[in-house]
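Here's the structure we're looking at; comments come further down.
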Amino acid sequence: MKLQRSDRDVFGAGSMLFATLALVLAMGALVTAGIAYSRSNDVSRRVDKVAASGAIGSATTVTLQEFSISVAPGLVRAGRVTFDVRNVGGMTHELVIVRAASAEALPKVTTAGERSVGAVDEEAIPESDKMGEAGEVKAQGHVTKTFKLPPGEYVVFCNIDNINQDGSVTNHFVKGMHATLTVV
Ligand SMILES: [Cu+2]
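For my numbering, count along the sequence shown from 1 and bump the result up by 9.
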């Protein structure tokens, strides 16, 4: 009997400790969630303010060449965004705009065929993430085009394939023709 009581005591103390611990943990989680929530609210308020101030513009210049893309500025305001696309290279390039976190996140061609392995598999991109294309821009050419972009992260790229004399294919995206753009 004595042993039973002490067992119950131990059990009682243990479960109380557990309950207290659980309560502390739960409160901690609530506090953490609260801080994270107010912080993200705070940041989005500041972003809205900066965007509304005109400090972030609605135009950007994209420079294409072999084999890179630069986007300046890389941060624009949501809405109608004008792209001034300049090809300073020696061959034709294109500009495709897709909503994606990074170039790595884009679907790729994995089997050799019409397109080279590693090229962006544009058919596998959801239509809602395809923002449009500036089309082909000839060497030393210049194209201006406006796209309607909601806030988000975008990848701009050139996915042109060139067939070499030996029959091999050079894909411009694989060679490094991609860059990111943030829209707020
Ligand atoms: Cu290209």
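Every residue, glycine too, gets a C-beta built ideally from N, C-alpha and C. The structure displayed is predicted, hence computed values, not measured ones.
Thr69 counts as buried, since no fewer than 16 other beta carbons sit within 10 angstroms of its beta carbon.
Annotation for Val107: Leu115, Ile134, Asp138, Lys139, Met140, Tyr163, Val164 place their beta carbon closer than 7 Å to its own, counting only its chain and skipping 5 residues before and after. Boundaries of the beta strand (DSSP E) around Gly141: 139-146.
For a cut-off of 8 Å, the C-beta gap from Met100 to Glu123 is around 20 Å, too long to register as a contact. The Cβ neighbour count for Asn180, taken over all protein chains shown within 10 Å, is at least 16; the residue is labelled buried. The beta carbon of Leu190 sits no closer than 7 Å to any heavy atom of ligand 1.
For Thr155, the CB contacts under 8 Å within the same chain, skipping 5 residues up- and downstream, are Arg89, Val90, Thr91, Phe92 in chain order. Residue pairing by DSSP places Glu103 opposite Glu145 in a beta bridge. Residues Phe76, Ser77 of the same chain have their beta carbon placed closer than 6 Å to that of Gly185, with the five preceding and five following residues left out of the count.
Shown here, Glu162 sits in a strand according to DSSP, grouped into three states. Residue burial annotation: Asn96 is buried, with at least 16 other C-beta atoms found within 10 angstroms of its C-beta.
Counting of Cβ neighbours within 10 angstroms places Arg55 among the exposed residues, the total staying below 16. An exposed status is given to Ile172, since fewer than 16 other beta-carbon atoms sit within 10 Å of its beta-carbon. Within 7 Å of the C-beta of Leu158 there is not a single heavy atom belonging to ligand 1.
If you draw a 10 Å sphere on the C-beta of Ala143, you find 16 or more other C-beta atoms in it, and that means buried. Bounds of the beta strand (DSSP E) holding Ile172 are 170-172. With respect to the C-alpha of Ala112, the residue from Glu103, His102, Ala128, Gly98 having the closest C-alpha is Ala128.
Assignment of Ser111 by DSSP, reduced to helix, strand and coil, places it in the coil class.
Looking at Lys117, Pro160, Asp175, Ala60, the one whose alpha-carbon comes closest to that of Phe166 is Lys117. In the DSSP assignment, His187 is bridged to Phe166.
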